[in-house]
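Numbering (my numbering), first residue to last: 628 to 1059.
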Amino acid sequence: MTRFNIGVLGCGNVGAAFVKLLETQTATVERRTGIALQITRVAVRNMSAPRDVDVAEGILTRDAFDVVADPDVDIVVEAIGGIEPARELILAALANGKPVVTANKELLANVGAELYAAADAAGRDLLFEAAVAGGIPVMRALRESLHGEPIRRVLGIINGTTNYILTKMTDAVDSGGDADYGAALKDAQSLGYAERDPTADVEGFDAGAKAAIIATVAFGAKVVAGDVYHEGISAITASEIAIARRLGYVVKLLGIVERDDESDEISVRVHPTMVPAQHPLATVRDSFNAVFVEGDFVDSLMFYGRGAGGAPTASAVFGDVVDAAVNLRAGTHGSLGELGKATIRPIDETSAEYLLGLDVADQPGVLHAVTGVFAEHGVSIRVAEQEGNGPDARLVFITHEAREKDVQSTVRDLRDLDVVLDVGGLLRVIGD
Ligand SMILES: NC(=O)c1ccc[n+]([C@@H]2O[C@H](COP(=O)([O-])OP(=O)(O)OC[C@H]3O[C@@H](n4cnc5c(N)ncnc54)[C@H](OP(=O)(O)O)[C@@H]3O)[C@@H](O)[C@H]2O)c1
């Protein structure tokens, strides 16, 4: 029997659930792998804080650097979060020959390339299944099962808070109730799905970090959080959701990563998106997550499950720890390989179908004037509808695939038309 000692950095939601899971599963892992895993050190910030798990005396410490330097610790789990000191701790652990498992999306989306290179230089694993979509094993699928697949695009519902809010708003529209964003956010906060300051979730930063990591792994290129274009959900209105529903769509916040074969450019963006009601992503409700992968050979795949929460995230951490242990015993390690420089396609150069709603004056010739502006910018219209009559008339358009730059110019010129009273937000549409 091989024995490995684990040092855990952080004993909060994820760290504590990992400690619990390891306690219950050590015998199973021993039987399946011949490796006995035990936690020998746990680093926290506040030694006297109440914990969800009992950590035996002598194991708890306030000195995380001592854990990563401890010659008796074989594998390190980083569940502290944030960039520093997590980055320094991981670099130190790797330099000391210890494989590292981390759940830290913020860290990887900002300085991942430095850490992957350090892991390769040390000949040790740096595994991070839990950093993207919590308990859903999508990193392993991209790194291993789909290693040789020409991946075209990945679409992800990768933030449970926003999916919960949009689901509540959609259900309210469907039942004729009050689909207020503020009320849905409050509901999410009372259930613990949203933080008191929800900015990172609702403005798309959390999903953006995950999208950067997905793009890095899917395309083998260095994509960082700063490369990601974001739009959040805080400006989504009940009226936009109602229009989407009537036209056969569901509004979802998607992280989208895409590579253009010809130019080799990568587009990475997070924005509210109209998803056709029959698309598998449209069925992903409440706080669930899903990642939809499109490849030239494999066609479409969807990975679905719990994208956050201590227990699902700890499940992903534990799977990585077992992998790291098996590799350590074999004297081998996984690698993302050499990551290329990413050429990021600016949002202006991306293409999509767009939904646009306009409040217009009640007078003849309005439709002609409005459609003329679309035509001037080469944006062709796939669906045109009028809602209401008289002073409340609203025109709703869905374009054919068009360049963002041309659509933005169209919107600018529409705002200048006297007959256009108000231009609603733009919603991008994905095809079936
Ligand atoms: N929670 C989720 O659903 C989820 C899902 C996916 C990924 N993640 C990622 O998992 C990581 C941990 O998240 P979490 O929700 O478990 O966070 P958390 O509940 O805030 O726990 C953080 C833990 O780290 C400890 N800590 C902080 N700074 C430290 C330091 N300098 N030295 C030693 N210990 C330190 C804290 O100690 P004290 O307890 O003493 O304060 C706490 O135990 C983050 O990177 C997060 O993004 C979380």
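By construction, the Cβ of each residue, glycine as well, lies at the ideal position given by its N, Cα and C atoms. Note that this is a predicted model, so its numbers are computed, not measured.
Within the same chain, show all residues whose beta-carbon is closer than 8 Å to that of residue i, passing over the 5 residues directly before and after it, in chain order.
{"i": "Ala909", "result": "Tyr876, Val877, Lys879, Val902 and Pro903"}
In chain order, what residues of the same chain lie with their CB nearer than 7 Å to the CB of residue i, ignoring the 5 residues before and after it?
{"i": "Asp747", "result": "Ser962"}
{"i": "Ala941", "result": "Val641, Ala644, Phe645 and Leu648"}
Using 7 Å as the cut-off, classify the Cβ of residue i as near or not near the heavy atoms of ligand 1, replying yes or no.
{"i": "Lys837", "result": "no"}
{"i": "Ile785", "result": "no"}
{"i": "Thr940", "result": "yes"}
{"i": "Ala696", "result": "no"}
{"i": "Arg672", "result": "yes"}
{"i": "Leu636", "result": "yes"}
{"i": "Ala827", "result": "no"}
{"i": "Glu756", "result": "no"}
{"i": "Ala691", "result": "yes"}
{"i": "Ile707", "result": "yes"}
{"i": "Glu715", "result": "no"}
{"i": "Pro712", "result": "yes"}
{"i": "Val646", "result": "no"}
{"i": "Asn731", "result": "yes"}
{"i": "Gly639", "result": "yes"}
{"i": "Ala676", "result": "yes"}
{"i": "Gly932", "result": "no"}
{"i": "Ala935", "result": "yes"}
{"i": "Gly984", "result": "no"}
{"i": "Gly761", "result": "yes"}
{"i": "Gly967", "result": "no"}
Taking the beta strand (DSSP E) that residue i belongs to, which residues open and close that run?
{"i": "Ser894", "result": "Glu892 to Pro903"}
{"i": "Met929", "result": "Asp926 to Arg933"}
{"i": "Asp986", "result": "Ser978 to Val987"}
{"i": "Gln1013", "result": "Ile1008 to Glu1014"}
{"i": "Leu959", "result": "The sequence given here has Thr at residue 959, not Leu. Here Thr959 belongs to no beta strand (DSSP E), and DSSP marks it neither H nor E."}
{"i": "Tyr876", "result": "Tyr876 to Arg886"}
Can you confirm whether residue i, when its beta carbon is compared against all beta carbons of chain B, has any partner nearer than 8 Å?
{"i": "Asp887", "result": "Note that chain B does not occur in the displayed structure, where there is just one protein chain."}
Looking only at its chain, what residues have a beta carbon closer than 6 Å to the beta carbon of residue i, apart from the 5 residues adjacent to it on each side?
{"i": "Glu885", "result": "Arg780 and Ser894"}
{"i": "Thr667", "result": "Asn632"}
{"i": "Leu769", "result": "Val844 and Ala845"}
{"i": "Ala745", "result": "Leu718 and Leu721"}
{"i": "Ala869", "result": "Val800"}
Give me the Cβ distance between residue i and residue j, rounded to the nearest whole Å; I'm assuming they're in contact under 8 Å.
{"i": "Val1023", "j": "Glu1012", "result": "5 Å"}
{"i": "Arg933", "j": "Phe915", "result": "7 Å"}
{"i": "Glu776", "j": "Phe924", "result": "6 Å"}
{"i": "Ala839", "j": "Asp833", "result": "Going by Cβ atoms, the distance from Ala839 to Asp833 rounds to 11 Å, so no, they are not a contact pair."}
{"i": "Ala951", "j": "Asp752", "result": "4 Å"}
{"i": "Leu955", "j": "Val1050", "result": "Contact flag wrong, Cβ pair sits at about 58 Å."}
{"i": "Ala806", "j": "Gly1052", "result": "That pair is no contact at about 15 Å."}
{"i": "Ile792", "j": "Leu818", "result": "Contact flag wrong, Cβ pair sits at about 11 Å."}
{"i": "Ala935", "j": "Gly761", "result": "5 Å"}
{"i": "Tyr820", "j": "Ile974", "result": "So it is not a contact: roughly 28 Å between Cβ atoms."}
{"i": "Gly639", "j": "Val700", "result": "Going by Cβ atoms, the distance from Gly639 to Val700 rounds to 20 Å, so no, they are not a contact pair."}
Between which two residues does the alpha helix (DSSP H) harbouring residue i extend?
{"i": "Asp828", "result": "Thr826 to Val829"}
{"i": "Thr794", "result": "Gly787 to Asp801"}
{"i": "Phe846", "result": "Phe832 to Phe846"}
{"i": "Gln1035", "result": "Glu1031 to Asp1043"}
{"i": "Ser866", "result": "Ala865 to Arg873"}
{"i": "Lys732", "result": "Lys732 to Ala749"}
{"i": "Lys647", "result": "Asn640 to Thr660"}
{"i": "Gly783", "result": "Element bounds for Gly783: not the alpha helix (DSSP H) but the beta strand (DSSP E), Ile778 to Ile784."}
{"i": "Glu1003", "result": "Val993 to Glu1003"}
{"i": "Phe692", "result": "Ala691 to Ala696"}
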